[in-house]
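A.B. asks: Protein chains in written order, with the working numbering: chain H, 9 to 135; chain R, 9 to 135.
Protein chains: 2
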Amino acid sequence: MAKNTDFRPTDRELTILGILWNNGPCTVRQVNEIMSRDEDTGYTTTLKLMQIMVEKGLLVRDDSQFKHVYKPGVTQEKAQKQLVGELLDKAFAGSAEKLVMRALSAKKVSSKELDRIKKLIETFEGE
Amino acid sequence: MAKNTDFRPTDRELTILGILWNNGPCTVRQVNEIMSRDEDTGYTTTLKLMQIMVEKGLLVRDDSQFKHVYKPGVTQEKAQKQLVGELLDKAFAGSAEKLVMRALSAKKVSSKELDRIKKLIETFEGE
DNA sequence: TCAAAATTACGAATTTTTTCGTTGACTTAT
DNA sequence: ATAAGTCAACGAAAAAATTCGTAATTTTGA
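1) Just the Cα atoms here: how many angstroms apart are L107 of chain R and L22 of chain H?
2) For D70 of chain R, which three-state DSSP category applies?
3) With a Cβ-Cβ cutoff of 9 angstroms, do Q38 of chain R and A99 of chain H count as a contact?
4) For the segment 74 to 81 of chain H and the segment 67 to 85 of chain R, state whether three or more C-beta atom pairs, one from each stretch, are separated by less than 8 angstroms.
5) Under the rule that 16 or more other beta-carbon atoms within 10 Å means buried, what is I60 of chain H, buried or exposed?
6) Please compile the residues from chain R whose C-beta is within a distance smaller than 7 angstroms of the C-beta of K126 of chain H.
7) Short of 7 angstroms in beta carbon distance, which residues of its chain neighbour A104 of chain H, apart from the five on each side in sequence? Order them along the chain.
8) What's the C-alpha gap between A10 of chain R and M43 of chain H?
9) So, are the CB atoms of N40 of chain R and L55 of chain R less than 9 angstroms apart?
10) What separation, rounded to the nearest whole angstrom, lies between the Cα atoms of N12 of chain R and K89 of chain R?
11) Contact criterion: CB-CB distance below 9 angstroms. Does Q88 of chain R meet it with respect to chain H?
12) Mind checking if D97 of chain R is an interface residue toward chain H, Cβ cutoff 9 angstroms exclusive?
13) Consider the Cβ of N30 of chain R: report whether some Cβ of chain H lies at a distance smaller than 9 angstroms.
14) Quick one: complete alpha helix (DSSP H) runs, 4+ long, within the segment 43 to 110 of chain R?
15) Output the boundary residues of the alpha helix (DSSP H) element that contains D123 of chain H.
16) Kindly list, in the order they appear in chain H, the residues whose Cβ is closer than 8 angstroms to that of F100 of chain R.
17) Quick one, which residues of the segment 59 to 72 of chain R are near chain H if we go by CB-CB under 7 angstroms, in chain order?
18) Round the Cβ separation of G102 of chain H and K115 of chain R to the nearest angstrom and send it over; I've been treating them as touching at under 8 angstroms.
19) Going straight from the alpha carbon of S113 of chain H to that of E63 of chain H, what length do you get?
20) Just the C-alpha distance for V117 of chain R and G93 of chain H, rounded to the nearest angstrom, thanks.
21) Can you find a C-beta in chain H that's less than 9 angstroms from the C-beta of F74 of chain R?
22) State the CB to CB distance for the pair M58 of chain H and I24 of chain H, rounded to an integer number of angstroms; the pair is presumed to be in contact (CB under 8 angstroms).
23) Assuming G81 of chain R and L66 of chain R form a contact by the criterion Cβ under 8 angstroms, report the distance between their Cβ atoms to the nearest whole angstrom.
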């Protein structure tokens, strides 16, 4: 019964999920176009990927129209939680501190955001 | 020539790398035993995985002794950087803030660590 | 209505990942 | 020295992920 908590998308699958989280429900063509910016991918390849993801429950399809519309089948929150947890274990030996450090150096973060993060930390400290 | 910067370990491969980062150089048996705590894996399966990882440059092997000893072929730092960057893009729409938030909720972090993270943030703010 | 265009369905092929059985080489203890 | 145990090499197979050609379906526009 580890089924419910298990979420192990492949690289490609996570890319597609990310596109849907960022852009809202999309057709295959839309996803394919966005994905092809980085890496050239044939239309039918993307289609097939998304069809399989539906089978796996990673996507939900609305096929009431000719152009089927796909949306995520897992919440971004759940996915984030799982993925961060795994990364934490495997690449950071469980140290959230190290992960935060890398996250902050990986990308320029505005001082407004930094402030919000500090506030967040303070709420954690208050426990 | 994206080869040099490319680091895309499979799930299994990252698990093995993590074991080596945490425990230092290991024999196949040692890795296999640690890995089998979570998921039963045959000895030769682990061996084969590690041999292939050597071919890919993910591991380095010292075969001067009968029991070959393996160590990581990529630094943990490089791997962390790459993996966090990718996760940031794909699952967090590039928002380091969100990622930090999830990291902090994913795991109990000591107040000592929280303090260090705050200090870290302050150094970022001073730029 | 009919042809062209866009889309989905299907299935096969390819590639990559994962698993493991078998063999032969080396080590250890007797 | 030899038997028992440990290990690496190898290859094959199974499983999973990825790619794409082709056919069928639906829509659109002339």
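Here a beta-carbon is modelled for each residue, glycine too, at the ideal position from N, C-alpha and C. Just so we're clear, the structure is a prediction, and the values are computed from it rather than from any experiment.
C.D. replies: This is what the structure gives:
1) Their backbone Cα atoms lie some 16 angstroms apart in a straight line.
2) DSSP places D70 of chain R in strand when its eight states are reduced to three.
3) No. Outside cutoff.
4) Too few Cβ pairs lie closer than 8 angstroms, so no.
5) I60 of chain H counts as exposed, since fewer than 16 other beta carbons sit within 10 angstroms of its beta carbon.
6) Below the 7 angstroms Cβ cutoff, chain R contributes K126 and I129 as neighbours of K126 of chain H, in chain order.
7) Counting only residues of its own chain and dropping the five nearest sequence neighbours on each side, A104 of chain H has a CB closer than 7 angstroms to the CB of L96.
8) The predicted position of A10 of chain R is uncertain, since its pLDDT is 39 and thus under 50; a value taken from the coordinates is nonetheless stated next. In a straight line, the C-alpha of A10 of chain R is about 18 angstroms away from that of M43 of chain H.
9) Against a cut-off of 9 angstroms, the Cβ pair of L55 of chain R and N40 of chain R comes out as a contact.
10) Reliability fails at N12 of chain R, whose pLDDT of 46 lies under 50, so the model's placement of it is uncertain and no value is given.
11) Interface residue, yes.
12) So, interface residue.
13) Answer yes: the Cβ-Cβ gap between N30 of chain R and chain H drops below 9 angstroms somewhere.
14) Taking only runs of at least 4 residues, the alpha helix (DSSP H) segments lying wholly in the segment 43 to 110 of chain R are 51 to 64 and 84 to 100.
15) Where D123 of chain H is concerned, the enclosing alpha helix (DSSP H) starts and stops at S119 to E133.
16) What F100 of chain R touches in chain H: Q88.
17) Sequence-ordered contacts of the segment 59 to 72 of chain R with chain H are nonexistent [C-beta pairs closer than 7 angstroms].
18) Taking 8 angstroms as the upper bound for CB-CB distance, G102 of chain H and K115 of chain R are in contact here, some 7 angstroms apart.
19) Near 38 angstroms, if we compare the C-alpha coordinates of E63 of chain H and S113 of chain H.
20) Cα to Cα, the separation comes out at about 13 angstroms.
21) For F74 of chain R, the closest Cβ of chain H is not nearer than 9 angstroms.
22) Distance from M58 of chain H to I24 of chain H at the Cβ level is roughly 6 angstroms; contact confirmed, criterion being Cβ atoms closer than 8 angstroms.
23) With 8 angstroms as the limit, G81 of chain R and L66 of chain R qualify as a contact, their Cβ atoms being about 5 angstroms apart.
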